[in-house]
Amino acid sequence: MSRTTTPPTAAESGGFDPHAIQRKWQNLWAERDPFRAGGDEDSRPRKYVLAMFPYPSGDLHMGHAENYLYSDIVARFWRHRGYNVLNPIGWDSFGLPAENAAIQRGADPVKWTYANIAQQKASLHDYGVSFDWSRVLHTSDPEYYRWNQWLFLKLYERGLAYRKESPVNWCPFDQTVLANEQVVDGRCERCGNEVVKKKLTQWYLKITDYADRLLDDLNQLEGFWPQKVIQMQRNWIGRSIGADIDFEIEGRPGTVTVFSTRPDTLYGATFFVVAPDSDLAAELVADASPEARMRFQDYLDGVRKTTDIDRQSSDRPKTGVFLERYAINPVNGARLPIWAADYVLADYGHGAVMAVPAHDQRDLDFARAFDLPVTVVVDTTAPVTGAIPVIEVDEDGVPIDPLGGQLDEVHPARTGVALTGEGRMVNSGPLDGLSKRTAIARVIDILQASGHGRAAKTYRLRDWLISRQRFWGTPIPMIHTEDGRILPVPEDQLPVRLPDVEGLDLTPKGTSPLGAASGWVDTVDPETGAPARRDPDTMDTFVDSSWYYMRFLSPGDETQPFSSREADKWGPVDFYIGGVEHAILHLLYARFVTKAMFDMGMVEFTEPFSNLINQGMVILGGTKMSKSKGNLVLFQEELDTHGADALRVALAFAGPVEDDKDWDDVSTTGAAKFLARAMRVAHDVDSSPDVVWAEGDAALRRVTHRLLADAPGLVEQTKFNVVVARLMELVNATRKAIDSGAGASDPAVREAAEVTAMVLDLFAPHTAEEMWAVLGYEPFVGLATWRSPDPTLLVEETVTTVVQVDGKVRATLEVPARIDAAALEALARGDAKVQRALGEREIVRAVVRAPKVVSFSTK
39 MSRTTTPPTA AESGGFDPHA IQRKWQNLWA ERDPFRAGGD EDSRPRKYVL AMFPYPSGDL
99 HMGHAENYLY SDIVARFWRH RGYNVLNPIG WDSFGLPAEN AAIQRGADPV KWTYANIAQQ
159 KASLHDYGVS FDWSRVLHTS DPEYYRWNQW LFLKLYERGL AYRKESPVNW CPFDQTVLAN
219 EQVVDGRCER CGNEVVKKKL TQWYLKITDY ADRLLDDLNQ LEGFWPQKVI QMQRNWIGRS
279 IGADIDFEIE GRPGTVTVFS TRPDTLYGAT FFVVAPDSDL AAELVADASP EARMRFQDYL
339 DGVRKTTDID RQSSDRPKTG VFLERYAINP VNGARLPIWA ADYVLADYGH GAVMAVPAHD
399 QRDLDFARAF DLPVTVVVDT TAPVTGAIPV IEVDEDGVPI DPLGGQLDEV HPARTGVALT
459 GEGRMVNSGP LDGLSKRTAI ARVIDILQAS GHGRAAKTYR LRDWLISRQR FWGTPIPMIH
519 TEDGRILPVP EDQLPVRLPD VEGLDLTPKG TSPLGAASGW VDTVDPETGA PARRDPDTMD
579 TFVDSSWYYM RFLSPGDETQ PFSSREADKW GPVDFYIGGV EHAILHLLYA RFVTKAMFDM
639 GMVEFTEPFS NLINQGMVIL GGTKMSKSKG NLVLFQEELD THGADALRVA LAFAGPVEDD
699 KDWDDVSTTG AAKFLARAMR VAHDVDSSPD VVWAEGDAAL RRVTHRLLAD APGLVEQTKF
759 NVVVARLMEL VNATRKAIDS GAGASDPAVR EAAEVTAMVL DLFAPHTAEE MWAVLGYEPF
819 VGLATWRSPD PTLLVEETVT TVVQVDGKVR ATLEVPARID AAALEALARG DAKVQRALGE
879 REIVRAVVRA PKVVSFSTK
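The working numbering runs 38 ahead of the 1-based position in the sequence shown.
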């Protein structure tokens, strides 16, 4: 379908009025509530379908249109298949954008938020999404965030919520802390401003206690979640296995523990590095010379302006300062100079590393920058299989330095390239000659025997920082007493409600505005009755969305966050639909909270979402739509111009679910014309509903029953665009039969029209309902049971081949059922529609699955 913006004329649409049809069926849906999930009396099997809920920042946009279209297709499909479907909707209504907008406008964030919710709710009604409107929730309702607070207290009781001082990500614009996941390329993911480090006392959730389960349980999701999302989660958790090694510091009591994945290289450590913003660095430099302390302070000031991502960049020049202190290597007693360098982070491992420059590129770059020694301890030129080589020794029994020859040619001090491959240990005392794996086990035994180390694991994952210094969020339900105790708010005092915003200055100041709400922050010690103060911070909004899918099961329950009985019936979510931008933040937190609730006995499953469907973005002119660029396509304008069904069909047809769709390729006009043709077919049917199906035009019946047979598999594979193409094929075949065959009274024509209405309900529900009524049936087609295909009609002499160009359906071909791949590809290349779609582009890859699909990729 070519891209135009003008709706079809009355003549083109055959009098089809999509807006009148919308009003008619939306009113009837509102009156009869056909999409409400059945209760205990409903014996059908259950499916829980959920789209990621929206943030009410204004009206819906094209990303929402795509998201809720896909979730509605899935929900409608499973209803047709005889399932009791739960498909609820709510609003993720706390958060910075509402508060910032209110501050900019001098408005109340409560009024701003709920006005936007009303607008989005009206748009979703207009869009024809089959939500269960009896289960709506808003995370900013006290009836919801009461249970946020309850959940926090339960996590606190289990030792999973705690408060500590640490360097945090600070957004100077929004004046609040951010979790690591909310910093994108060194900038705040909300406002885009650069993030800096700041030391604050904050509340955390101990997600690291679940690191192994979060990682290992991803195996359960293989084949059900997109592979790239699973890999992103694995990378974020980042489990590393190695050893904790205890180093003594000259002149300092106790030891400093360093984690290393390569304890076998311990004999190659030539210096020691600590994070400049760590407590250890400050402690060590305190005894250095005044000049060293001044150099360190200047360096630290610069580091605090640098993001963690920049500090970890591999191509960034290495910088640091010597702290005039030395660590002692526990296996050979060597004195290792201690440096502060920004490529080590305070919150990774223990904030310190042993530097082995010969075998770690960052350490090597630092050593070369500051002229530090480089000692090779793994000969990567030596074979790792076969017998352990004999290490020659001199007359005193000391191993002869094996460097020389081939290894000397690749020495890192000469080449600037660290040796990271496999090999045999050298210059490593009792480890000499061993392979890496054997040497790791041996050195851990040595460390454990001497009391200087042990086997260990560490993770890239950090505990979840949930404190926010803003107003519009869930108040943290803790009380600070005058004598320094921190106590939970008693459960019978929940919810701790936000105060009235009137008279409260919401301007960001670096501390929560709730701390200045004297009538709110002042309370009493629940144990003694003495004066006390509420915690002034609010929770990260990702707490709200970490469990909302469970609240939908019993949204009006005032006695508990959700019913475990309902959770047993409906959970986990069968199909979860949303953007891949939530692959780490939201999904990881939801998985953690689900596992915590499992441990509390609240649910019987450990993963919240059985199947995950990620959609691509809707872009314009090759770039992401945004208000700042002025390249928005307004959702409501498209609805007003073309109607909901045309927009839905156009988006579904535009390409594979997971791909980005350029709005320039989305044709609502073409979709509207197709819907008008489908409606004309229904009006032209000239036979009664009780006509015998097993009669009539055999060719048309084969097309009808092939669609009945193939559509379920295509929907379950989320190939929605192919289903739309097959629907177009059926409508065209039906039109042809009406015009040139036995005519409108042919039973095969009625059969095709009824199947068209049923399948079209997935994409264009208003039009489908109208067709169903025109064909003589009672509402609702959305509840009609999917008909079974006649297997005798699936034995094909010819089949329809779908031809795709860059993922978009461009042509269909009628071909012999037994055509070979080469002949099918030749036919597809020669098709006029395919050639027009290709234009001047070159085919770089052809995938042929004869006789059904030909897919061309171009450049």
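For every residue, glycine included, the Cβ atom is placed at its ideal position computed from N, Cα and C. Nothing here was measured: the structure is a model prediction, and the numbers come from that model.
- Relative to R739, the option among Q674, P827, D777, M516 whose CA is nearest is P827.
- In this chain, H721 is not harboured by any beta strand (DSSP E); it is covered by the alpha helix (DSSP H) spanning 706-722.
- Linking R718 to M796 through their CA atoms gives a straight-line distance of about 16 Å.
- By the neighbour-count criterion, in which 16 or more other beta carbons inside 10 Å mark a residue as buried, L768 falls on the buried side.
- M392 and S278 do not touch by the CB rule: their CB atoms are close to 15 Å apart, not below 8 Å.
- DSSP, read as helix, strand or coil, puts Y93 in coil.
- Within the stretch 262-324, the runs of alpha helix (DSSP H) that reach at least 4 residues and sit entirely inside it are, in chain order, 265-275, 317-323.
- Per DSSP, reduced to three states, the secondary structure at Q674 is helical.
- Note that the stretch 162-170 does not touch the stretch 196-213; fewer than 3 beta-carbon pairs, one per stretch, sit closer than 8 Å.
- With fewer than 16 other Cβ atoms inside 10 Å of its own Cβ, G548 counts as exposed.
- In this structure, Y364 is the residue among T519, Y364, E816 with its C-alpha nearest to the C-alpha of E288.
- When A407, E604, V415, V760 are compared, the shortest CA-CA separation from V394 is found for V415.
- Secondary structure of D612 (DSSP, three-state): strand.
- When rounded, the separation of the alpha-carbon atoms in G306 and A199 is 40 Å.
- Shown here, T458 sits in coil according to DSSP, grouped into three states, outside any helix or strand.
- When secondary structure is reduced to three states using DSSP, R887 falls in the strand class.
- Of the residues D339, V847, K774, K871, the one whose Cα lies closest to the Cα of V762 is V847.
- Excluding the 5 residues flanking it on each side, G557 has same chain C-beta neighbours closer than 8 Å at P537, in chain order.
- Uninterrupted beta strand (DSSP E) stretches at least 3 residues long and entirely within the stretch 629-657 occur at 647-653, given in chain order.
- Counting the other CB atoms within 10 Å of its CB gives S726 a total below 16, which places it among the exposed residues.
- Bridge pairing for A493: A281 [DSSP].
- Burial check for D403: the Cβ neighbour count within 10 Å reaches 16 or more, so the residue is buried.
- Straight-line measurement puts the Cα of A140 at about 24 Å from the Cα of P533.
- Assignment of alpha helix (DSSP H) within the stretch 59-145, counting only whole runs of 4 or more residues, yields 100-118, 134-143 in chain order.
- If you draw a straight line from the Cα of V581 to the Cα of P610, it is about 18 Å long.
- Beta-carbon to beta-carbon, R715 and R764 are separated by about 15 Å, too far to satisfy the 8 Å threshold.
- Each residue's CA atom was taken as its position, placing R589 and P126 some 10 Å apart.
- Contact holds between the stretch 272-286 and the stretch 485-500, because three or more Cβ pairs, one in each stretch, are under 8 Å apart.
- As computed with DSSP, R373 is found in a beta bridge with I366.
- Separation of Q598 and P375 (C-alpha to C-alpha, rounded to the nearest whole angstrom) is 58 Å.
- For S488, the three-state secondary structure derived from DSSP is helix.
- As for any alpha helix (DSSP H) of minimum length 4 sitting wholly inside the stretch 174-230, the runs are 180-195, ordered along the chain.
- About 6 Å separates the CB atoms of L832 and H743; that is less than 8 Å, so the two are in contact.
- Below 8 Å, enough C-beta pairs join the stretch 339-353 and the stretch 230-238 to call them touching: three or more.
- As DSSP reads the structure, Y242 sits in a beta bridge with Y200, L503.
- In the pairwise beta carbon analysis, the stretch 60-67 is classified as not touching the stretch 100-120: fewer than three pairs are separated by under 8 Å.
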